[in-house]
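Engineer: Chains as they are written, first to last, in numbering that gives the first Met the number 0: chain A, 0 to 155; chain B, 0 to 155. For glycine and all other residues, C-beta sits at the position ideal for the given N, C-alpha and C. Here you go, one structure.
2 protein chains.
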Amino acid sequence: MNTTNKIKDILSIELEKRGLRKTIERYKILEAIYDRTDHFDVEELYLSLRKQNFHVSRATVYNTLDTLIDCGLVQKHHFGGDGALFEKALGFRQHGHVVCINCNKILEFCDPRLQTIQESVGNIMDFNINDQALIFYGYCKDGCNRNLSDDDKKPD
Amino acid sequence: MNTTNKIKDILSIELEKRGLRKTIERYKILEAIYDRTDHFDVEELYLSLRKQNFHVSRATVYNTLDTLIDCGLVQKHHFGGDGALFEKALGFRQHGHVVCINCNKILEFCDPRLQTIQESVGNIMDFNINDQALIFYGYCKDGCNRNLSDDDKKPD
DNA sequence: TTGTGTGCAAAAGCTTTGCATGTTG
DNA sequence: CAACATGCAAAGCTTTTGCACACAA
Chain A
0 MNTTNKIKDI LSIELEKRGL RKTIERYKIL EAIYDRTDHF DVEELYLSLR
50 KQNFHVSRAT VYNTLDTLID CGLVQKHHFG GDGALFEKAL GFRQHGHVVC
100 INCNKILEFC DPRLQTIQES VGNIMDFNIN DQALIFYGYC KDGCNRNLSD
150 DDKKPD
Chain B
0 MNTTNKIKDI LSIELEKRGL RKTIERYKIL EAIYDRTDHF DVEELYLSLR
50 KQNFHVSRAT VYNTLDTLID CGLVQKHHFG GDGALFEKAL GFRQHGHVVC
100 INCNKILEFC DPRLQTIQES VGNIMDFNIN DQALIFYGYC KDGCNRNLSD
150 DDKKPD
């Protein structure tokens, strides 16, 4: 069975668990998300669906994203620009992001030491931690041809 | 010299550096920010100024916050709720945040291991990293009286 | 005096909501 | 067929913008 079908099966299970309906929109939006490898916003996802001649409203895209996030199939990020960005979640370990303030490139990384920090912090602060977001902001050294002056080094 | 005057002096220096004017609004807003110890949004700051009978517009609060961030005196955060939160920055080492998904409590922590991760990632990804944001989401074990069920464990 | 900063209100952009319609279970 | 999901448009919020006026340099 291919990846697309596998992920749809997982959605089916999660929807059943929650007593939610299996609508065409939910599967189609899930598929569109898993077809991409980037970090996208709601509008990009909406337009990609329309470009495939699949008719959905923005409201449904928003609603469905919430559902998919709740099901653990999509992740939502706030990188500081306006609006949220999303990416598929399944099969991808928790990972951090590195964002170029100049060209907006987004890279991902994994570092097992982060897990250690999470455990320490959870213990010290008396928290049950179940999600994390680590973002580094800076300038990528190649590709975006930026002169590294001392000005505007602060992201928002 | 007290802390408030010290911070105002720093602002003076930073404004001069940038050729920006020393307006009453900038100093007053800075002072209002340094009078608080919490994470606040634009509206809260705006209202606190009005409550002191200091007249500013929302636009000026937004503009001034940008200036203060650029001067390194204020930090902006995106914790996932709508809108950004701010806090004073000077004299506070880079620190991570722990956010309770249930009661919205925000705690802070420092972990030197994060710096190590930042350096590794910078080297591996070929980035000049100059800012970081680490947020852990979870439930605080006391104070917010939450039943820890298996549902709604996913923040946005 | 000169030009930047502010105030106000309107606009813009992202996200949510309400209601009617359509579809799943 | 009953409840839930969708579509559409309108409303809500946060943030930005444009223009006239005020004030710092």
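Given Y45 of chain B, which residues of its chain have a CB within under 8 angstroms of its CB, disregarding the five upstream and five downstream residues?
Structural biologist: Only V55, R57 and V60 meet the Cβ criterion.
Engineer: Roughly how many whole angstroms lie between the Cα atoms of E42 of chain A and G82 of chain A?
Structural biologist: One C-alpha to the other measures close to 10 angstroms.
Engineer: Do L133 of chain B and L133 of chain A have their beta-carbon atoms positioned less than 8 angstroms apart in this structure?
Structural biologist: Contact flag set, yes.
Engineer: Tell me which residues share the same chain as L48 of chain B and place their Cβ nearer than 6 angstroms to its Cβ, disregarding the 5 neighbours each side in the sequence.
Structural biologist: Excluding positions up to five away in sequence, the list reads A31 and V55.
Engineer: Any idea if G18 of chain B is buried or exposed, counting beta-carbon neighbours within 10 angstroms, 16 or more meaning buried?
Structural biologist: Under this definition G18 of chain B is an exposed residue.
Engineer: Would L72 of chain B pass as a contact of I6 of chain B if the rule is Cβ separation under 8 angstroms?
Structural biologist: Their beta carbons are under 8 angstroms apart, which means L72 of chain B touches I6 of chain B by this criterion.
Engineer: From the DSSP output, which residues share a beta bridge with I105 of chain A?
Structural biologist: According to DSSP, I105 of chain A bridges with A:V98.
Engineer: Q117 of chain B by DSSP, collapsed to three states: which one?
Structural biologist: In the structure shown, Q117 of chain B sits in a helix (DSSP, three-state: H, G or I).
Engineer: Using a threshold of 8 angstroms, state whether the C-beta atoms of D69 of chain A and Y136 of chain B are closer than that.
Structural biologist: No, Cβ-Cβ distance for D69 of chain A and Y136 of chain B is not below 8 angstroms.
Engineer: Find the nearest neighbour of N52 of chain A within the set A:I28, A:L64 and A:F39, judged by alpha-carbon distance.
Structural biologist: Cα-wise, what sits closest to N52 of chain A is A:I28.
Engineer: Based on the DSSP output, what are the partners of C139 of chain B in its beta bridges?
Structural biologist: Note: C139 of chain B sits in a beta bridge opposite A:F126.
Engineer: Could you tell me which residues DSSP pairs with I134 of chain B in its beta bridges?
Structural biologist: Its beta-bridge partners are A:A132 and B:H96.
Engineer: Does F101 of chain A have its Cβ less than 8 angstroms from a Cβ in chain B?
Structural biologist: Note on identity: in this sequence residue 101 of chain A is Asn, with Phe being the wrong assignment. So, not an interface residue.
Engineer: Pull up the distance between the alpha-carbon of G79 of chain A and that of H76 of chain B, whole angstroms please.
Structural biologist: If you take the alpha carbons of G79 of chain A and H76 of chain B, they lie about 8 angstroms apart.
Engineer: Among B:L64, B:D37, B:F39 and B:L84, whose alpha-carbon lies nearest the alpha-carbon of L10 of chain B?
Structural biologist: Among B:L64, B:D37, B:F39 and B:L84, the Cα nearest to that of L10 of chain B belongs to B:L64.
Engineer: Can you tell me which of the three DSSP states K21 of chain A falls into?
Structural biologist: The answer is coil: DSSP assigns K21 of chain A none of H, G, I, E or B.
Engineer: Using a Cβ-Cβ distance cut-off of 8 angstroms, determine whether N129 of chain A contacts chain B.
Structural biologist: Chain B contact via Cβ: present.
Engineer: Cβ closer than 8 angstroms: which chain B residues qualify as neighbours of K140 of chain A?
Structural biologist: In chain order: D125, F126 and N127.
Engineer: List the residues of chain A whose Cβ lies closer than 7 angstroms to the Cβ of F85 of chain B, in chain order.
Structural biologist: Here the premise fails: no neighbours, minimum Cβ distance about 10 angstroms.
Engineer: Would you tell me roughly how many angstroms separate the C-alpha atoms of N1 of chain A and D34 of chain A, rounded to the nearest one?
Structural biologist: Straight-line Cα distance between these residues: approximately 13 angstroms.
Engineer: So the candidates are B:R20, B:D110 and B:Q114; which of them puts its Cα closest to the Cα of I123 of chain A?
Structural biologist: Among B:R20, B:D110 and B:Q114, the Cα nearest to that of I123 of chain A belongs to B:D110.
Engineer: Go to V73 of chain A, then tell me how far its beta strand (DSSP E) extends in each direction, as first and last residue.
Structural biologist: Looking at the DSSP string, the run of the beta strand (DSSP E) that includes V73 of chain A is V73 to H76.
Engineer: Alpha carbons only, please: which of A:N62, A:C99 and A:H38 is nearest the one belonging to D141 of chain A?
Structural biologist: Of A:N62, A:C99 and A:H38, the residue nearest in Cα terms is A:C99.
Engineer: Does the beta-carbon of E118 of chain A have 16 or more other beta-carbons within 10 angstroms, so that it is buried, or is it exposed?
Structural biologist: Answer is exposed; the Cβ neighbour count stays below 16.
Engineer: Please list the partners that Q117 of chain A has in chain B, where partner means a Cβ-to-Cβ separation under 7 angstroms.
Structural biologist: By Cβ distance, chain B contributes F135.
Engineer: For Q74 of chain A, collect the residues of the same chain with a Cβ closer than 6 angstroms to its Cβ; drop the 5 residues on either side in sequence, then sort them by chain order.
Structural biologist: E86 and A88.
Engineer: Would you mind telling me which residues of chain A sit closer than 7 angstroms to L106 of chain B, beta carbon to beta carbon, in chain order?
Structural biologist: Going along chain A in sequence order, the residues near L106 of chain B (Cβ under 7 angstroms) are M124.
Engineer: Please return the same chain residues whose Cβ sits closer than 6 angstroms to the Cβ of V97 of chain A, not counting the five positions on each side in sequence.
Structural biologist: Within the same chain, V97 of chain A has close Cβ partners L106 and F135.
Engineer: May I have the straight-line CA-CA distance separating L160 of chain B from T22 of chain A, to the nearest angstrom?
Structural biologist: A query on residue 160 of chain B cannot be resolved here, the shown segment of chain B reaching from 0 to 155 and no further.
Engineer: Beta-carbon within less than 8 angstroms of N127 of chain B's beta-carbon, same chain only, minus the 5 sequence neighbours each way: which residues are those?
Structural biologist: So the list reads G121, once near-sequence residues are dropped.
Engineer: Pick from A:I12, A:L14, A:Y26 and A:E13: whose alpha carbon is nearest that of T3 of chain A?
Structural biologist: Closest option to T3 of chain A, Cα to Cα, is A:Y26.
Engineer: Identify, in the order they occur along the chain, each residue of the same chain with its Cβ nearer than 6 angstroms to the Cβ of G95 of chain A, setting aside the five sequence neighbours on each side.
Structural biologist: Closer than 6 angstroms at Cβ, skipping near neighbours: F108 and L133.
Engineer: In chain order, what residues of the segment 11-25 of chain B put their CB closer than 8 angstroms to some CB of chain A?
Structural biologist: Per Cβ criterion, the list is empty.
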